[in-house]
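**Student:**
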Amino acid sequence: MLFTLASRNTLSCLAIGALFSACSGPKGEGSVAGSPTKESAANVAAAKVSQINVFVDMSGGMRGFMHANDPGRNETGSEFQRTVMDLLSDVNRLAPKLTAPPAYYFFKEKEPTNPQVLVPSTYAGMTGAVSGGLKNAARGSELPQMLSEALTLQAKKPGTVSILISDFIFAPQNVKDTWRIKTFIKDALNAVEPAKLAVSVFANTSEFRGNFYPGNRTGKQPLNGEQLPYYIWVLGDPALVGQVDGGLLRRLAAQPQAHYNVAFAPPYAVPDFLTDPVGNWTVAEGTGATAPVVTFTKKPTLGKPAEIVVALDLNQLPASIVGQVSANTLRLAEAGTGATLTQVFPLAQMPDARQQPALKKYTHFARLRFVQAPAGAPTLHLELARTEPAWVAAYSTASDSGIKKQGPKTYYLKEVMAGVADYFADEPSAQRVFSLPVRVTARD
Amino acid sequence: MFQQLFTSLYEAFLGLPEPAMLTNAFENSIFPGVGLATLFGIGLLGALFFYLVLNRLMTTPLYQTKHWLLFLLLFAVVAGGLAWFQAREVVYQVLSDKGVVIPAGSESAYSRYVLGFAFVNALFGAVFFVLWSFVVKGLSPNAKVTPVRWPN
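Protein chains in written order, with the numbering used here: chain A, 77 to 520; chain B, 8 to 159.
#1: For Ser15 (chain B), is the classification buried or exposed, using 16 other Cβ atoms within 10 angstroms of its Cβ as the cut-off for buried?
#2: Let me confirm a value: Gln192 (chain A) is counted as buried when at least 16 other C-beta atoms fall within 10 Å, else exposed. Which label applies?
#3: Look at Thr371 (chain A) and Thr358 (chain A) and say whether their C-beta atoms are less than 8 Å apart.
#4: When the distance is taken between beta carbons, is Ala387 (chain A) closer than 8 Å to Leu435 (chain A)?
#5: Am I right that Phe246 (chain A) and Tyr499 (chain A) are in contact with their C-beta atoms under 8 Å? What's the rounded C-beta distance?
#6: With a cut-off of 8 Å, does the C-beta of Pro112 (chain A) fall near any C-beta of chain B?
#7: Between A:Ala395, A:Pro314, A:Phe260, A:Ile397, which has its C-alpha nearest Pro504 (chain A)'s C-alpha?
#8: Mind checking Ser115 (chain B): buried by the 16 CB within 10 Å criterion, or exposed?
#9: Which residues of the region 339–360 of chain A have a Cβ closer than 9 Å to any Cβ of chain B? Give them in chain order.
#10: Spatial neighbours of Val251 (chain A) within its chain, please: C-beta separation below 7 Å, excluding the five flanking residues on both sides.
#11: Indicate whether at least one CB of chain A lies closer than 8 Å to the CB of Met65 (chain B).
#12: Helix, strand or coil for Val155 (chain B)? Go by DSSP, reduced to three states.
#13: For Leu23 (chain B), which residues in chain A fall below 8 Å Cβ to Cβ?
#14: Compare the C-beta of Gly145 (chain B) against all C-beta atoms of chain A and say whether one is closer than 8 Å.
#15: Based on Cα-Cα distance, which residue from B:Asn62, B:His74, B:Glu34 lies nearest to Phe13 (chain B)?
#16: Short check: CB of Leu417 (chain A) to CB of Ala403 (chain A), under 8 Å?
#17: To which residues of the same chain is Pro484 (chain A) closer than 6 Å at the C-beta, ignoring the five residues directly before and after it?
#18: List the endpoints of the continuous alpha helix (DSSP H) containing Phe215 (chain B).
#19: May I ask you to report which of helix, strand or coil DSSP gives Glu464 (chain A)?
#20: Is there a C-beta anywhere in chain A that falls below 8 Å from the one on Lys73 (chain B)?
#21: Below 9 Å on C-beta distance, what does Pro433 (chain A) contact in chain B?
#22: Report yes or no: do three or more beta-carbon pairs, one from the region 44–60 of chain B and one from the region 141–155 of chain B, lie closer than 8 Å?
#23: Going by C-alpha to C-alpha distance, which of A:Val509, A:Glu361, A:Leu227, A:Gln297 sits closest to Asn129 (chain A)?
#24: Taking CB distances under 8 Å as the criterion, tell me whether Thr30 (chain B) reaches chain A.
#25: Under 9 Å Cβ-Cβ, which residues of chain A neighbour Gly7 (chain B)?
#26: Let me know the secondary structure DSSP gives Asp263 (chain A) once reduced to three states.
#27: Pull up the distance between the alpha-carbon of Met142 (chain A) and that of Asp133 (chain A), whole angstroms please.
#28: Between Ser154 (chain A) and Glu283 (chain A), which are expected to be in contact by the criterion C-beta below 8 Å, what is the C-beta distance as a whole number of angstroms?
#29: Which residues does DSSP pair with Pro422 (chain A) in a beta bridge?
#30: Smallest Cα separation from Gly140 (chain A): which of A:Gln297, A:Leu406, A:Lys262, A:Lys184?
#31: Is there a Cβ of chain A sitting closer than 8 Å to that of Ala129 (chain B), yes or no?
#32: Under a Cβ-count criterion, where at least 16 other Cβ atoms within 10 Å of its own Cβ denotes burial, should Asn150 (chain A) be classed as buried or exposed?
#33: Going by beta carbon distance, what residues of the same chain come within less than 7 Å of Gly112 (chain B), once the five residues before and after it are set aside?
#34: Hey, how far is the Cα of Val143 (chain B) from the Cα of Gly87 (chain B)?
#35: Could you say which of A:Lys437, A:Gln432, A:Met426 lies nearest to Gln392 (chain A) if we only look at CA atoms?
#36: Keeping to the same chain, check which residues put their C-beta closer than 6 Å to that of Thr23 (chain A); ignore five residues upstream and five downstream.
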């Protein structure tokens with residue numbers, strides 16, 4: 077009978093474990109860190125998009141993007157038309173998953189005779205206008221008004237994400253007010269608390285056929301297929317905008333983009349199966365709600381430091397952000413542990429990945445060095461600082477009266493984006509792209 | 008309580024688990040599981056088998072100290088085998104759950120640690136059997152003085 081115990085070792089665990097429940101088994105807390113994909117998925121899944129509002133600018137300046145195509149002449153639609161049609165179709169397809177059906181609005185400026193700013197539309201109405209051209213285009217549109225209208229509407233239903241599609245040429249009534257563009261934008265956003273708002277901006281260019289109305293209010297210029305920028309803005313709760321960016325708008329992933337206060341939650345882990353671990357430590361993997369816990373089994377010292385490696389899966393993050401990840405941009409909130417970030421390297425430079433296929437789902441690795449034991453169980457944060465994307469300056473111009481020669485530029489885009497950045501300036505979470513907690517503790 | 012008790016008992020002999028990636032598997036699962044199985048399943052049940060089954064319920068001639076020593080040896084081997092198989096099974100389970108392998112440089116450290124664990128547990132099996140023997144030997148009319156007369 078005792079031989080059975082020895083050969084069927086699970087039995088011994090069952091028989092005695094039932095009495096004392098000390099046999100936690102490999103799937104309980106006995107398991108070592110790994111399978112980190114669940115963590116952030118759980119975080120983000122907590123909030124859910126309940127409604128999507130789509131706004132399309134119907135000012136005359138948008139007409140050039142929405143040209144009626146002639147299949148006989150082999151016209152396949154402008155970049156704008158193809159992108160926006162796909163986007164509208166994706167939004168429409170999401171309808172059954174939302175608590176309220178998506179709402180579609182055209183946006184125009186206030187007129188003396190008609191103070192209406194939003195013109196409600198339908199999926200059919202909007203796709204018709206985008207593919208076949210705008211009928212009765214408005215004279216213009218005001219960017220701050222558009223933002224505040226979208227925010228007012230989305231405040232009525234929590235869980236709403238607004239998608240704004242426009243050329244975002246903001247031409248103040250008075251050309252002398254251009255230096256105030258920043259403030260106009262900031263004031264428009266101020267209707268909402270910065271902590272509860274995130275803004276994503278996706279830029280693209282498209283063929284433009286028709287009259288271009290410069291932002292500095294000089295004469296209109298006829299264009300015939302020249303590239304002009306247009307933008308898709310996403311406004312909403314930080315977690316929801318992150319979901320929409322990674323899901324609904326994943327087609328736009330390769331475009332230039334800027335993100336403000338978007339709660340990105342890339343999967344990460346502290347792998348404990350490295351070939352040459354430095355120091356003695358173990359890891360209890362994190363769950364959605366808890367951070368991974370690193371326990372030093374021998375206290376690190378100056379002479380015998382310990383190094384842990386944080387593995388990051390940045391596949392879901394915009395390429396422009398991933399490109400910035402380096403030892404200079406990542407930073408460590410060390411929480412009094414004296415830990416330092418010593419190295420950041422991509423998967424290609426991870427020698428262990430050849431042996432350990434489990435490492436291949438990560439894209440970047442950050443090495444942290446400890447030279448002293450942490451007091452208590454502090455939580456470190458590995459953070460990526462937000463930087464102003466370089467494309468914004470390249471897309472911006474102070475005078476667009478000669479747009480044909482200038483190429484695709486947007487009137488004072490830099491000031492518009494500076495207004496958004498200013499609005500988030502005092503919001504700590506908006507200063508970083510992500511912040512990944514790791515708890516550390518030491519055994520006596 | 009048993010988790011900490013057995014972890015400190017085993018680590019006093021073996022040091023921290025190697026490679027370090029298996030620390031949680033050893034400390035949370037293997038040490039307490041094998042420790043309890045050895046203490047009760049081998050030590051206590053083994054002593055009850057020798058004193059009550061062989062030398063009370065049945066009246067076998069296996070009551071002498073040399074027989075007791077034979078059983079001591081047998082239970083030590085069983086305890087070593089239990090440790091060896093259980094440790095390897097849990098370790099492979101953990102590794103396959105995580106989809107990782109033991110790094111090439113750590114394989115020998117791993118083999119050494121598991122082998123050491125098997126030997127330490129053989130020792131524990133023998134010690135537990137001895138301890139339980141003194142607890143239960145009074146219940147056996149035939150083997151009351153095996154292996155020694157003390158404390159009766």
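Glycine included, C-beta positions come from ideal geometry on N, C-alpha and C.
**Tutor:** The short version:
#1: Numbered from its first residue, the second sequence carries residue 15 (chain B) at position 8. Burial call: exposed.
#2: Reading the first sequence from its first residue, position 116 is the one you call residue 192 (chain A). Exposed.
#3: Counting from one through the first sequence, the residue named residue 371 (chain A) turns up at place 295. Counting from one through the first sequence, the residue named residue 358 (chain A) turns up at place 282. Less than 8 Å separates the beta-carbon of Thr371 (chain A) from that of Thr358 (chain A).
#4: What you label residue 435 (chain A) is simply residue 359 of the first sequence in a count that begins at 1. What you label residue 387 (chain A) is simply residue 311 of the first sequence in a count that begins at 1. Taking 8 Å as the cut-off, the beta carbon of Leu435 (chain A) is found closer than this to the beta carbon of Ala387 (chain A).
#5: Working through the first sequence from its first residue, we reach residue 246 (chain A) at position 170. Working through the first sequence from its first residue, we reach residue 499 (chain A) at position 423. That pair is no contact at about 15 Å.
#6: Against the first sequence, residue 112 (chain A) aligns to sequence position 36. Since pLDDT at Pro112 (chain A) reaches only 38, below the 50 mark, its modelled position is unreliable, and no value is offered.
#7: Translated into positions along the first sequence, residue 504 (chain A) becomes position 428. Selected option, being the one with the closest Cα: A:Pro314.
#8: One-based indexing of the second sequence puts residue 115 (chain B) at position 108. Result: exposed.
#9: Going along the region 339–360 of chain A in chain order, one finds Pro347, Asp348, Phe349, Leu350, Thr351, Asp352, Pro353, Gly355, Asn356, Trp357, Thr358, Val359, Ala360 with a Cβ nearer than 9 Å to chain B.
#10: Walking along the first sequence from the start, residue 251 (chain A) turns up at place 175. Shown here for Val251 (chain A): same chain residues with a beta carbon closer than 7 Å to its own, the five before and five after excluded, namely Asn292, Arg293 in chain order.
#11: Looking up residue 65 (chain B) in the second sequence gives position 58. So no, Met65 (chain B) is outside the interface.
#12: The count along the second sequence starts at 1 and reaches residue 155 (chain B) at position 148. In this structure, Val155 (chain B) counts as coil in the three-state DSSP scheme.
#13: Residue mapping note: residue 23 (chain B) aligns to position 16 of the second sequence, counting from 1. Asn356, Thr373, Lys374, listed in chain order.
#14: The residue you call residue 145 (chain B) lines up with position 138 of the second sequence. With a threshold of 8 Å between beta carbons, Gly145 (chain B) makes no contact with chain A.
#15: For the purposes of this step, residue 13 (chain B) is taken as residue 6 along the second sequence, with counting starting at 1. Of the listed residues, the one whose Cα sits closest to Phe13 (chain B) is B:Glu34.
#16: Within the first sequence, numbered from 1, the residue matching residue 417 (chain A) stands at position 341. Within the first sequence, numbered from 1, the residue matching residue 403 (chain A) stands at position 327. Yes, Cβ-Cβ distance for Leu417 (chain A) and Ala403 (chain A) is below 8 Å.
#17: One-based indexing of the first sequence puts residue 484 (chain A) at position 408. Closer than 6 Å at Cβ, skipping near neighbours: Thr281, Gln303, Leu304, Pro305.
#18: Residue 215 (chain B) falls outside the range modelled here, since chain B spans only 8 to 159, and no answer is possible.
#19: Mapped onto the first sequence, residue 464 (chain A) falls at position 388. In the structure shown, Glu464 (chain A) sits in coil (DSSP, three-state: anything other than H, G, I, E or B).
#20: For the purposes of this step, residue 73 (chain B) is identified with residue 66 of the second sequence, where counting begins at 1. Judged by the 8 Å Cβ criterion, Lys73 (chain B) is not in contact with chain A.
#21: Position 357 of the first sequence holds residue 433 (chain A). Per Cβ cutoff of 9 Å: Gly106, Val107, Val108.
#22: Touching, yes.
#23: In the first sequence, residue 129 (chain A) corresponds to position 53, counting from 1. Nearest option by C-alpha distance: A:Leu227.
#24: Counting from 1 along the second sequence, the entry for residue 30 (chain B) is found at position 23. At least one beta carbon of chain A lies nearer than 8 Å to the beta carbon of Thr30 (chain B).
#25: Since the displayed chain B opens at 8 and closes at 159, residue 7 (chain B) lies outside it and no answer follows.
#26: Translated into the one-based positions of the first sequence, residue 263 (chain A) becomes position 187. Under the three-state reduction of DSSP, Asp263 (chain A) is assigned to helix.
#27: Taking the first sequence and counting its residues from 1, one reaches residue 142 (chain A) at position 66. Taking the first sequence and counting its residues from 1, one reaches residue 133 (chain A) at position 57. Computed Cα separation, rounded: 11 Å.
#28: Within the first sequence, residue 154 (chain A) is the residue found at index 78, counting from 1. Within the first sequence, residue 283 (chain A) is the residue found at index 207, counting from 1. Correct: roughly 4 Å between the Cβ atoms.
#29: Here residue 422 (chain A) is taken as the residue at index 346 of the first sequence, counted from 1. DSSP lists A:His440 as the bridge partner or partners of Pro422 (chain A).
#30: Numbered from 1 along the first sequence, position 64 holds the residue referred to as residue 140 (chain A). Ranking the options by Cα distance to Gly140 (chain A), first place goes to A:Gln297.
#31: Translated into the one-based positions of the second sequence, residue 129 (chain B) becomes position 122. So no, Ala129 (chain B) is outside the interface.
#32: Looking up residue 150 (chain A) in the first sequence gives position 74. Looking at its Cβ environment, which holds fewer than 16 other Cβ atoms inside 10 Å, Asn150 (chain A) is exposed.
#33: As a position in the second sequence, residue 112 (chain B) is number 105, starting the count at 1. Setting aside the 5 residues that flank it on each side, Gly112 (chain B) has no residue in the same chain whose C-beta is closer than 7 Å to its C-beta.
#34: As a first step, residue 143 (chain B) is located in the second sequence; it is residue number 136 there, counting from the start. As a first step, residue 87 (chain B) is located in the second sequence; it is residue number 80 there, counting from the start. Between Val143 (chain B) and Gly87 (chain B), the C-alpha separation is close to 23 Å.
#35: Position 316 of the first sequence, counted from the start, is the residue given in the question as residue 392 (chain A). Closest by alpha carbon: A:Lys437.
#36: One cannot answer for residue 23 (chain A) here, as it falls past the ends of chain A, which runs 77 to 520.
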